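Asks: In the working numbering, the protein residues as written are 121 to 397.
Just so you know, even glycine gets a beta-carbon here, dropped at the ideal spot from N, CA and C.
In this text, all values refer to a predicted model and were calculated from it rather than measured experimentally.
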Amino acid sequence: MKKAIFILFLLAVLMNGCLTDGGTNKNNNTVNSNKNPIVIYAPVSGAIVSSPLLIEGKASGSWFFEASFPIKLVDENGELIAQSLANAKSDWMTDDYVEFSGKIEFSVSVEKKAYLVFQKDNPSGVPENDAEYRMPVVLTIKSRDLKIEISKIKVYFNNSKLDPEFTCVKVFPVEREIPKTAGIARATIEELLKGPTEHEKLNGYTTSINPGVKIQKLVIENGVAKIDFDAEMERGVGGSCRVGAIRSQITQTLKQFPSVKKVVISVDGRVEDALQP
Numbered sequence: 121m122k123k124a125i126f127i128l129f130l131l132a133v134l135m136n137g138c139l140t141d142g143g144t145n146k147n148n149n150t151v152n153s154n155k156n157p158i159v160i161y162a163p164v165s166g167a168i169v170s171s172p173l174l175i176e177g178k179a180s181g182s183w184f185f186e187a188s189f190p191i192k193l194v195d196e197n198g199e200l201i202a203q204s205l206a207n208a209k210s211d212w213m214t215d216d217y218v219e220f221s222g223k224i225e226f227s228v229s230v231e232k233k234a235y236l237v238f239q240k241d242n243p244s245g246v247p248e249n250d251a252e253y254r255m256p257v258v259l260t261i262k263s264r265d266l267k268i269e270i271s272k273i274k275v276y277f278n279n280s281k282l283d284p285e286f287t288c289v290k291v292f293p294v295e296r297e298i299p300k301t302a303g304i305a306r307a308t309i310e311e312l313l314k315g316p317t318e319h320e321k322l323n324g325y326t327t328s329i330n331p332g333v334k335i336q337k338l339v340i341e342n343g344v345a346k347i348d349f350d351a352e353m354e355r356g357v358g359g360s361c362r363v364g365a366i367r368s369q370i371t372q373t374l375k376q377f378p379s380v381k382k383v384v385i386s387v388d389g390r391v392e393d394a395l396q397p
């Protein structure tokens, strides 16, 4: 009797082992008839996602052709929103699971429900070989999808290529785009204080202004722009050439605005002895 019970117990254990589906186990890459041909790690079903949407998972090697298969986003009516490819991370010519990654960029004006569709690549075109897996997601808006009004402004720098002899006060404009604001003059000087970009540096642009300088006050009245900086503006600054270059950068940057005819620069409230050689 005990022997019969033991045999039945052993058979039950073996059958349970055969029926267990490890399809969601990231470390088990063997595909059999009891397992889903595709397993998605990210995003999860029903996730709220924004662009770019990064996708990770694993699929049977039979889903790939030339190391990829199609992925797309469709709305609830089946209308295409965006499409891309899932790319194999290793050898795809196998019947086992192959890990993949992908990225879809999309733009929506309102939050909306959609489906992330994974399609088996079927170069034969035979309908019997088609397969797909759908996952519901919610597409949300990122700030960059919103229309932000911008202003084109100019900031002025020295340039070793345009002025190889460095005449100190000669400065040259570069164009920047910044969010539209009522305080356009202050925003423009803050852009100047950032210094030239890496691309601009390659084209010879340099700044004579110290890094880390802060604007303490900026007022424009009767055509005069009065701007006050913190002490960092003068730290380590000496010589009439550099002082002249700094003044020229600030003055020309502010004078691009029709309301500014004259610029008065101060440091910690000091005007007369500020930025002296």
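May I ask you to report which of helix, strand or coil DSSP gives A202?
Replies: In this structure, A202 counts as strand in the three-state DSSP scheme.
Asks: Can you give me the C-alpha to C-alpha distance between G356 and T327, rounded to a whole angstrom?
Replies: Cα to Cα, the separation comes out at about 14 Å.
Asks: Buried or exposed, going by whether 16 or more other CB atoms sit within 10 Å of the CB of L128?
Replies: Because the pLDDT of L128 is 44, which lies under 50, any placement of that residue in the model is unreliable, and the number read from its coordinates should be weighed accordingly. Per the 10 Å Cβ criterion, exposed.
Asks: Can you tell which of A365, F277, A234 and R254 has its C-alpha closest to the C-alpha of I317?
Replies: Correcting the residue identity first, residue 317 is Thr in this sequence and not Ile. Considering only alpha carbons, the answer is F277.
Asks: Under the DSSP definition of a beta bridge, which residues are partnered with N278?
Replies: According to DSSP, N278 bridges with T326.
Asks: Note down, in chain order, each residue of its chain lying with its Cβ closer than 7 Å to the Cβ of N145, except the 5 sequence neighbours on either side.
Replies: Residue placement at N145 cannot be trusted, given a pLDDT of 36 that sits under 50; what the coordinates show is reported in the next sentence. Within the same chain, N145 has no close Cβ partners at all.
Asks: In its own chain, which residues sit with a C-beta less than 6 Å from the C-beta of M353, not counting the 5 before and 5 after it?
Replies: V333 and V387.
Asks: Please list, in chain order, all residues of the same chain as D250 whose beta carbon is under 7 Å from its beta carbon, the five residues on each side excluded.
Replies: Excluding positions up to five away in sequence, the list reads K240 and N242.
Asks: Check for me: the alpha helix (DSSP H) holding Q372 runs from which residue to which?
Replies: Element bounds for Q372: S360 to L374.
Asks: Taking G369 as the reference, which of G315, K381, G343 and P299 has the closest Cα?
Replies: The question names Gly, but residue 369 is Gln in the sequence shown. The shortest Cα separation from Q369 among G315, K381, G343 and P299 belongs to G315.
Asks: Within the continuous alpha helix (DSSP H) that includes A307, where are the two ends?
Replies: Segment I304 to L313, the alpha helix (DSSP H) holding A307.
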